[in-house]
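Protein chains in written order, with numbering that gives the first Met the number 0: chain Z, 0 to 773; chain P, 0 to 221. All residues carry an ideal CB built from backbone N, CA and C; glycine is no exception.
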Amino acid sequence: MLIRNSDATPGFQHSLSSSPHTIFKEIILIFIALSVFTLAGLAAAVAQPRLVGLGDIRSGGLLLNSKTPGKYVEAPRLQTDINVKITGLISRTVITQRFENPSSGWVEGIYVFPMPEDAAVDTLKMQIGDRFIEGLIKERKEAKRIYEEAKAQGKKASLIEQERPNMFTNSIANIGPGEIVIVQIEYQETVAQNKGVFSLRVPLVAAPRYLPDPVVLSVKFDSDTGLGQVGVSDPVADRSRITPPIARADENVKNPVSLSVMLDAGFPFSNLVSASHKIAVKTKSDTSAIIALAKGEVPANKDLTFSWQAAPGQAPTAALFREKVGDDDFLLAIVTPPRPAIDSTVTAVKIPREIIFVIDNSGSMAGPSIRQARQALLRALDRLKIDDRFNIIRFDDTMEELFPQTVAGDKENLNTAKRFVRNLTADGGTEMLAALKASLIDTSPTDTSSLRQVVFLTDGAIGNETQLFEEIVKNRGRSRIFTVGIGSAPNSFFMTRAAEYGRGTFTHIGSVKAVAKGMTELFEKLENPIMTDLAASWEGTGATDVSPETLPDLYAGEPVVIAAKMKKNGGALVLSGNLAGQPWLINLPLDKAASGEGIGKLWARRKIREYEGQRYISEDWKKLDGLILKTALAHHLVSRLTSLVAVDLTPTRAQGDKLASRKLPLELPQGWNFNKVFGETTPLLQKASLQQNDPARTARFAQLLSSKSGRNKAAKSRSKGIALPAGATLADRKIIMGLLILFLAFSGLLVTFFWRHLSRSYTRTKISRPSYDH
Amino acid sequence: MTTKNKSLIQRLQQTSIPQRLVAVILIATAITGFSLVGQGLYIKAKAVLAQVLLERAWSRALAGEDAAKAWPWADTWPVAKISLPRIKQKAIVLNNASGEAMAFGPGLVAGTPLPGRPGTSVISGHRDTHFEFLRNVRQGDTIEVMTRTDKRITYKVDYMEVVDASASGIEPNAPGEKLALVTCWPFDDKNPGPLRYVVYASPYKIASGQPVIKPGLISFAR
């Protein structure tokens, strides 16, 4: 068949075989074409429109589809403005950004933006050309359907989706040529508070997820996303280490940010500083100030952080906010207990401790994990003091207690312990329950004069989480459980949750290098608990759905944050605890609560996080998803299951209309504060129209932009993602090497055999001795 | 007594020192070669045998046994079974993807949900044993996954991609109930490397049977 076919096309054959000249020419042509393409590519790379993948995006930006699938052209950003209003301990941020569609075609854009993880994103407003659209909250699938439908009909539409808890995308359909798009997003969060320092972070850089969050928010008690971020660190100390460098130094894609912060601290403050940027502070009174950037505008290449301190003795000890949403009342309480080191009313008492170390030496810990665990435990032993009592339990599918009961941390005992730890090897199954039970056996459960701490070092490769949680809740008594996650990907869900139920903390140690820092951090906590046995009781009020469910211990300078849904007004919240060995009690009359905006939303965001965390252990995740959906819809929040969608109902013009000379709108609707936000709108617009009239630039964009713009896959942000394990054994290599070596041995054998044979026959002929081989 | 009947040692004693040395080197080389081949074959045999034992453990797991181990000292247990009808391949998936577990079967990477749960489930296997078949997987192939809740999920392969192990871009909490099968890449490379081959699939049919584990939220006293 094939032969006959080629016979039937002799012309083709001829051109291929009998004219090498033509081929040569073709090659030259191809070569020239390739060089031109390369040069064009270079020019494009040098010139402003540049192809990017979603993974290249490190800050909020508008992406336009290009001809290369999966690649985008980043729309030049004109201006970002951030308006933060801090009232007491609640902050509301309005981020407004103007974009331009510089191409001569209609496009769909994707706007990727980073968010603080516990921020409640509730509002989207958008101006596309002269249209104003406000987003509505819908179930994710429904929202997507509405958006796709509107897009197909040529209507302007936008869709905000949560890609990850800290990364959102906004898709914008049918942006006309040369049009300016303004996106405004609002979110609310609580101000972070640590060791008397109040701080706020405005993320402008979408950092890879595995990076530790530099600002430790007290509200992360219910951190259920499996991130090891519950550690306490100074919010500004190691900022430069944490802030990732910006990969893109593209001068043309300037991303200027202006900023204004209205700080109404509610208490006299001092030391208002930014660790990330130079700021100009205009003090209004001793409790309020206006902050702007010293340079006016800065590039959006790092997160903005601010911190302020309460004047001595002026720090708030308690803050209460409430909000009525529909029939429900929501309450947010932030209480900071006094600090022994600073407040002379409380004297620091050194409390004797009893520490039980539990180390997992099962097979899953084999390799670097067990080395990390051993090293962490050795370091922990080094920190013990002579009046501390301790014991070590190791477990795989068997279990062993080093000492029959806790012993004093003297030299002899420590040496025995160190020897025991050094000799640990990883093998066998993971039977954690028996070890957990043993570690919770308390010989003096009512002794309040000493602390009982259980430190668990494991990768948490277990399947009976529920059972273990039950054991903790049932038998924790006065013991505190601190989990130390070992290895690159420990079961951090189990660890965070176990620590939460055990009223301790979770520390993640990912590498041998991280051991020192992680253990020091942990030990600072183990040695300095400020408030223990913290409990909340509600008087004369029906508080339901309190978050967090179990109140943690508090460490130096941490506040406790409680959010609750209330049935009726009035009553009181009574917080009691053990402050440095002495009973402590505070009564907060709830009718004194200040009315705060968005308290319900903050409550809802926390609740959603809690539900998200339970998904992993509950078989009934559909019910949890139902709860998440209900909460998010009721509070107008973007979540994993809900999206904000906005569709412009006004008929838009048919695609393909020439809009090159269209005037850009200047007017703004009532209640929108773009005018305030953009004091100088005119220069921006002039700049925009100038750029629009640059034909070369428009042409370049036209080249890069897909002809089928508007057809867009769902934004899939390429983050660092999860680390993947090795996917190959050494079997083949071993077999091949083995065979090679065998071949060597065999050829060696052959050589010697022939050598001997030859030399023998040589000797035989020489001496004429009878042969051996008869 | 002829030399022919003499033992090897006696013959060695007769030979000169350099000759002995050559003989020893040859024997040592041969032993090394055999042991390497043996080790390699052992890894392969272990991988095959383990799957047979795991298959039995899996039927016990389906019968309701929690953490059904294939052998008493195992540190891992089956959580799912995957099969690819077109290329007639199947494997029992283990609860973790540690090096130890992956010698016996592909494992569910820690921090990713079980198949059928929201998020992206990542199952990793060795390219030269259990996941050797990944190279034959094509776009549009169906992957059937059975989990312990007796749920059968049919996935369709969306696309394949080569990624760097440390920057896979796979988000375990991403929306949807997706599946990613991962193995080392390039397939014929004999040395471990940083690249991974990922097969992405989305569910298109879920048949739910009688759940084995009792559903219900665990609740704790405040």
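Open item on the list: Taking 8 angstroms as the threshold (beta carbon to beta carbon), is Leu52 of chain P in contact with chain Z?
Closed with: no
- [ ] Please look up how many angstroms separate the CB atoms of Ser642 of chain Z and Leu158 of chain Z, rounded, as I've assumed it's under 8 angstroms.
- [x] 6 angstroms
Open item on the list: What does the alpha-carbon distance come out to for the pair Lys177 of chain P and Arg608 of chain Z?
Closed with: 21 angstroms
Task: Whole-number beta carbon distance between Gly104 of chain P and Val121 of chain P, since they are thought to touch under 8 angstroms - done: So it is not a contact: roughly 15 angstroms between Cβ atoms.
- [ ] Along the alpha helix (DSSP H) that carries Trp620 of chain Z, what are the first and last residues, could you check?
- [x] Trp620 to Ala633
Open item on the list: Short of 7 angstroms Cβ to Cβ, which residues in the segment 179-199 of chain P face chain Z?
Closed with: Val181, Thr182, Cys183, Lys189, Asn190, Pro191 and Arg195
Task: Through-space distance from Asp426 of chain Z to Asp187 of chain P, alpha-carbon basis - done: 31 angstroms
- [ ] Identify which residue in P:Pro191, P:Tyr196, P:Pro202 and P:Ala173 has its Cα closest to the Cα of Glu611 of chain Z.
- [x] P:Ala173
Task: First through last residue of the alpha helix (DSSP H) which encompasses Lys89 of chain P - done: Not the alpha helix (DSSP H): Lys89 of chain P falls in the beta strand (DSSP E), residues Gln88 to Leu93.
Task: Under the three-state DSSP convention, the category Ser526 of chain Z falls into - done: For the sequence presented, residue 526 of chain Z should be read as Glu rather than Ser. In this structure, Glu526 of chain Z counts as helix in the three-state DSSP scheme.
- [ ] Output yes if chain P places a C-beta closer than 8 angstroms to the C-beta of Asn490 of chain Z; else output no.
- [x] yes
Open item on the list: Tell me the residue span of the alpha helix (DSSP H) that contains Val472 of chain Z.
Closed with: Glu464 to Asn474
Open item on the list: I need the DSSP call for Ala166 of chain P, collapsed to helix, strand or coil.
Closed with: strand
Task: Alpha carbon of Val235 of chain Z to alpha carbon of Val201 of chain Z, nearest angstrom - done: Interpretation of Val235 of chain Z is limited by its pLDDT of 25, a score under 50 that renders its predicted location unreliable; the figure taken from the coordinates is listed afterwards. Approximately 14 angstroms, taken between the alpha carbons.
TODO: Give the straight-line distance between the Cα atoms of Ala407 of chain Z and Leu48 of chain P, rounded to the nearest whole angstrom.
DONE: 50 angstroms
TODO: Using 10 angstroms around the beta-carbon of Ala62 of chain P, count the other beta-carbons present and answer buried if the total reaches 16, otherwise exposed.
DONE: exposed
Open item on the list: Suppose you measure from the CA of Ala156 of chain Z to the CA of Gln126 of chain Z; what does that come to, to the nearest Å?
Closed with: 10 angstroms
- [ ] Label Asn94 of chain P either buried or exposed according to how many other C-beta atoms from any shown protein chain fall within 10 Å of its C-beta, with 16 as the threshold for buried.
- [x] buried
Open item on the list: Here's the rule: buried if 16 or more other CB atoms are within 10 angstroms of the residue's CB, otherwise exposed. What is Ala27 of chain P?
Closed with: exposed
TODO: Report yes or no: is there a C-beta of chain P within less than 8 angstroms of the C-beta of Ser361 of chain Z?
DONE: yes
Task: Closer than 8 angstroms at the beta carbon, the chain Z residues around Ile147 of chain P - done: Here residue 147 of chain P is Arg; the residue named in the question, Ile, does not match the sequence. Result: empty, since nearest Cβ-Cβ is about 10 angstroms, beyond 8 angstroms.
Open item on the list: Leu133 of chain P and Thr182 of chain P - do their beta-carbons sit closer together than 8 angstroms?
Closed with: yes
Task: Cβ pair Ser363 of chain Z, Glu99 of chain P closer than 8 angstroms - done: yes
TODO: Just the chain P side, please: which residues come within less than 7 angstroms of Trp620 of chain Z by C-beta, in chain order?
DONE: Arg116 and Pro117
Open item on the list: Against chain P, with Cβ distances strictly below 8 angstroms, would Leu41 of chain Z count as a contact?
Closed with: With a pLDDT of 36 at Leu41 of chain Z, under the threshold of 50, the predicted position of this residue should be treated as unreliable, and no value is reported.
Open item on the list: So Lys87 of chain P contacts chain Z; which residues on that side make the cut at Cβ distance below 7 angstroms?
Closed with: The premise fails here: Lys87 of chain P is roughly 22 angstroms from chain Z at the closest Cβ pair, so nothing lies under 7 angstroms.
Task: Same chain, Cβ closer than 6 angstroms to Thr37 of chain Z, neighbours up to 5 away in sequence not counted - done: Below a pLDDT of 50, predicted positions are generally treated as unreliable, and Thr37 of chain Z, at 40, falls in that range; the measurement from the model is reported next regardless. Hits under 6 angstroms: none found.
Task: Asp74 of chain P: contacting residues in chain Z (beta-carbon distance under 7 angstroms) - done: Ser361, Gly362, Ser363, Gly427, Gly428 and Thr429
TODO: Give a yes or no on whether 8 angstroms exceeds the smallest Cβ distance from Asp157 of chain P to chain Z.
DONE: no
- [ ] Kindly indicate if chain Z contains any beta-carbon less than 8 angstroms away from that of Val36 of chain P.
- [x] yes
Open item on the list: Helix, strand or coil, according to DSSP, for Trp184 of chain P in the structure here?
Closed with: coil
Open item on the list: Taking CB distances under 8 angstroms as the criterion, tell me whether Ala90 of chain P reaches chain Z.
Closed with: no
TODO: Answer with buried or exposed for Phe167 of chain Z, where buried requires no fewer than 16 other C-beta atoms within 10 angstroms of its C-beta.
DONE: buried
TODO: State yes or no: is the beta carbon of Lys177 of chain P nearer than 8 angstroms to at least one beta carbon in chain Z?
DONE: no
Open item on the list: Give me the chain Z residues within the contact set of Ala29 of chain P, using Cβ-Cβ distance strictly less than 7 angstroms, ordered along the chain.
Closed with: Leu741 and Ala744
Task: N- and C-terminal bounds of the alpha helix (DSSP H) containing Thr415 of chain Z - done: Lys410 to Arg421
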